[in-house]
Amino acid sequence: MKINLKIISILIICILLSSCSLPFSPDKKAGLSITASPNAGIFLNDSHVGSTPYYNEKMKTGEYAIKIVPESGIGLPWESKITLLPGIMTVISRQLGQTEESSSGYFLTLQPDGNKDKASIEVVTVPDKSVINIDGESRGFSPIALDNITSGEHVILVTAPGYIERSINANLRTGHVLKASIQLARSEIATNSAQNIETTTEASPSDQVLDDEARSTPKATSNPKPKTNLKPPYITVLDTPTGYLNVRQEPSTSSSENIIAKIKPGESYVFLEKNNSGWDKIEIAAGEEGWVSSKYVKLTEE
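Residues 1 to 302 in the UniProt record's numbering are what the sequence shown lists, from first letter to last.
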């Protein structure tokens, strides 16, 4: 029986992570499933609760402020407000591009509806006026509300000129309305952004855009020794989305092997030089140097 229950649980999780939103239990708890590419940290009401892939079927119901932050700092964070309902699994999937236009994703949830015999769908999109196709049939332009949909599996296809189309499998239930918020990425911009992000990763069969820190923790070859009471010029590490800043052997994000250390916000180090592509060279220990992103440090020169 325990083995059967475990298999059933795994199957449920697989269904949820394959782009659908389902009622999963009759109790008063809510569920939340989040995936992101590249891997990201999850913040609920400003508290870090884990990293993607994130799955929790014991959530308290209510409204949450959610923020999805790429762990490497490469990619644009995504934030929104969500309402978790009892017995409902809410599904979020994000592709975190370097700009808003190169980012994409979807947010699915179910809400009780008055029609107990049929299911309904409400779709909003970015961009507006995207073509909504249900099971191979064009149903109009977003935003759109469709009533009297049969329960069961359906395929929602969203297309717009100049954007990468998005197809989502969703399981509709009678007496519920599926609320889908879908963002498309601009085709040319998204392609360029994906290429830039992929240069920082190694290919993975399960996820082609995993950032280097999310894949594995690189071995630090240096032991940083922050200084106090430094004379200018020196840098101070600013707050970062991940709580640390990578120090690299070369001013490039081309490989995780390039990372030689991690330093923390508030720490200060001797500044050596700046290049023209947004990198500062610092001394992290006696005789040891490395490069950090100028974006996350404050330079004190006098």
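Built from N, CA and C at the ideal position, the CB exists for glycine as well.
Inter-residue spacing [alpha-carbon to alpha-carbon] between residue i and residue j
i	j	result
L163	P38	Residue identity check: residue 163 is Tyr in the sequence provided, not Leu. Near 20 Å, if we compare the C-alpha coordinates of P38 and Y163.
L108	H154	13 Å
I88	K264	39 Å
I66	I260	32 Å
H176	V69	31 Å
E289	N275	14 Å
V124	E273	48 Å
G136	E122	17 Å
N148	P112	14 Å
A170	N133	13 Å
Residues near residue i in its chain [Cβ-Cβ closer than 8 Å; skip 5 each side]
i	result
K262	A220, P224, Y244, L245, N246 and V247
K129	F141, S142 and A160
8 Å Cβ cutoff met for residue i and residue j
i	j	result
A185	Q98	no
A180	I156	yes
A30	E71	no
S268	K227	yes
T52	I34	yes
V91	Q183	no
L84	M59	yes
Residue i burial status per 10 Å Cβ neighbour count (16 or more: buried)
i	result
G278	exposed
E101	buried
S138	exposed
A145	exposed
T150	exposed
T253	buried
G50	exposed
DSSP bridge partner residues for residue i (one or two, in chain order)
i	result
N276	According to DSSP, which records beta bridges pairwise, N276 is partnered with nothing at all.
Q95	S37 and S104
7 Å Cβ shell around residue i - same chain, five flanking residues per side excluded
i	result
F271	P233, Y234, I235, D280, I282 and L299
L238	P265, Y296, V297 and K298
N45	Y64 and A65
Same chain, Cβ closer than 6 Å to residue i, neighbours up to 5 away in sequence not counted
i	result
S93	T35, G105 and Y106
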